[in-house]
Amino acid sequence: MKRYAYYPGCSLEKMAQEYDVSFRNLCDRLGIGLEEMKDWFCCGAGMVGNISPLLGLAVPLKNLAIAHQRGLAQLVSPCAACYNQFKRAQHEVAADPKLRAELEEIIEYPLEHSVEVLHPLEMLERELDARPQLAHDGVDHLRVACYYGCLLTRPPKVVTFDNCEDPQSMDRLLRRVGIETLDWPQKTACCGAFYAMVNPSKVLELTHAILEGATQAGANAFAVACPVCHLNLDARQPEVNQTYGTNFNLPVFYFSQLMAFTQGVPAEGLGLWRHVVDPQPLLLGAPVGASAR
Amino acid sequence: MEVPLSAAGKDSPALAHLQSVSPDACFQCNRCTAGCPLLPAMDLTPARMVHHLLLGEWEPVLRSKAIWVCVHCETCTARCPQEVDISKLLQAARVIAWRGGKVAPDQAIATYFASFLENLYLYGRSAELPLTLICKLKSENYFQDFTLGLRLIARGRLNFFSLPQGGSAYRRLYDRVRQKEAAGA
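Protein chains in written order, with my numbering: chain F, 7 to 299; chain H, 15 to 199.
Below, the structure is given as structure tokens:
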């Protein structure tokens, strides 16, 4: 069986364990081999490069070298920020031989190899391409707004992921497992990310617009692929309601939770209890196989 | 483009590479500004910053709050019809401002970046307890997002009791970079 290097990243190890556990269970169910690199360390998260650009490039490249050393040619990175860091570092060294030589010296590893960095959405589309039929029970009542956010899709020349203004890969995957997804305008709008550290009210404003957009399109849930998007949309939803006098109650799923659910992973394997907006009534409340619409 | 190398002196190829982005192609269409989600919080618009840099005026950009408001969502870079990498220019400005001691007053996010690096040096991975402590102590802002924190703790999302292992590989890298940067200065 083909194996992918698996780089969970700091968020999936801690705050976003539900993304990690549901993705692992999904891969297990689909027979996709993941090999976690036990000695990985932080990718720099876009923070490190703001103080030392050299270190900001060295950390993702050293992590890729660890995967390469293990003989793994492809690395799966579920966190959009880590994914972006890997792609950015590879892009920068490809464009600048002098910089590449300096970084090779620092990470003590040659960079002529290339480990292919994939987001789970890309990896799953490839893996599932050849498979004819996937189970799709018990999700007929979901109307999902797929929210892609920033770092997965931009800048297009660096990440080369899907279409940066109207990405479709998450929609395609969820539709393949029988989930209705919607066209809506804020798919790649920014949620404010870590600006919440400084000015939570500004982030509430951006998050409110995203919640409003999805609601107007008729969504009863979100699907996301980034731990920071999840934090702002899910954990700050009570504050949005408080601030704007709204009563949003939109569960925010990781796409991996929804896919794993349709593929028969039991609810305990999805980490649903960790959400702030309880997704269990919506997901588990409906009788399996029955259409609630 | 004339670029100040500030207190850092002669710098590594990484900073040179960051600074190599040329704003010369900008014709002030303002698409970057129109798409910026954090524009209302900025004291200089992205297009104005690019224009300053085009004229070789780094000072107003380095001293602006706007470079610390940017969360590098990359919308500006993605939409620029002239392929100016605005996001990367602002990153270069943050690095130069940081090294030259020119960070505008009360920029909590700069404090957060520094806390993030200190935490990594200790643990190699992001760890909530030390990161939160270092950041709160530095910023002296203890109660912001307090209820959010409680909500996350109740759902097992903030685990203060397990600390990551394996900072040594990161520390080695960090020390090698510091050596390099010191040698270049």
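Glycine residues also receive a C-beta, built at the ideal position from the N, C-alpha and C atoms. In this text, all values refer to a predicted model and were calculated from it rather than measured experimentally.
At a cut-off of 7 Å between beta carbons, H/Pro51 contacts chain F. Taking 7 Å as the cut-off, the beta carbon of F/Tyr13 is found no closer than this to the beta carbon of F/Leu40. The stretch 225-287 of chain F contains, as complete alpha helix (DSSP H) runs of 4+ residues, the segments 233-236, 243-250 and 261-268 (chain order). For the C-beta of H/Asn173, the chain F residues within less than 8 Å are, from N- to C-terminus, Lys20. Distances from the CA of F/His119 to each of F/Gly198, F/Glu110 and F/His125 were compared; the closest alpha carbon is that of F/Glu110.
Identification of chain H residues near F/Ala64 by a Cβ-Cβ cut-off of 7 Å yields Leu187 and Val191, ordered along the chain. For H/Thr47, the closest Cβ of chain F is not nearer than 7 Å. Listed in chain order, the positions of the stretch 205-223 of chain F with a beta carbon within less than 8 Å of a beta carbon of chain H are Asn205, Pro206, Lys208 and Leu212. Residues of the stretch 85-99 of chain H with a C-beta atom less than 7 Å from some C-beta of chain F are Val85, His86, Cys87, Glu88, Thr89, Thr91 and Ala92, listed in chain order. Between F/Leu212 and F/Gly198, the C-beta spacing is below 7 Å.
Contiguous beta strand (DSSP E) elements confined to the stretch 121-146 of chain F occur at 122-124, taking only those with 3 or more residues. In terms of Cβ geometry, F/Leu210 and F/Thr252 do not form a close pair [threshold 7 Å].
With a cutoff of 7 Å on beta-carbon distance, H/Gly49 and H/Thr91 are scored as not near each other. F/Gln80 has F/Glu122 as its beta-bridge partners, per DSSP.
A straight-line Cα-Cα distance of about 43 Å links F/Tyr25 and H/Asp38. Of the residues assessed, H/Glu195 falls on the buried side of the cut-off, its CB having 16 or more other CB atoms within 10 angstroms. Taking C-alpha positions only, F/Asp146 is separated from F/Gly277 by approximately 21 Å.
By the beta-carbon neighbour count (other beta carbons within 10 angstroms, threshold 16), F/Arg137 is exposed. What F/Gly291 touches in chain H, judged by beta-carbon distance under 8 Å, is nothing: the nearest beta carbon there is about 20 Å away. By the neighbour-count definition (other C-beta atoms within 10 Å, threshold 16), H/Cys43 is an exposed residue. Shown here for H/Pro60: same chain residues with a beta carbon closer than 6 Å to its own, the five before and five after excluded, namely Cys46, Thr47, Cys50, Cys90 and Ile100 in chain order. Residues of the stretch 98-111 of chain F with a C-beta atom less than 7 Å from some C-beta of chain H are Glu98, Asp102, Lys104, Leu105 and Glu108, listed in chain order. The beta-carbon of H/Ala183 is placed less than 7 Å from the nearest beta-carbon of chain F. Taken atom to atom, the span from the alpha-carbon of F/Pro244 to that of H/Thr161 is near 10 Å. Where F/Glu42 is concerned, the enclosing beta strand (DSSP E) starts and stops at Gly39 to Glu42.
Excluding five sequence positions before and after F/Gly219, the CB atoms of its chain that fall closer than 7 Å to its own CB belong to Trp190, Pro191 and Gln192, given in chain order.
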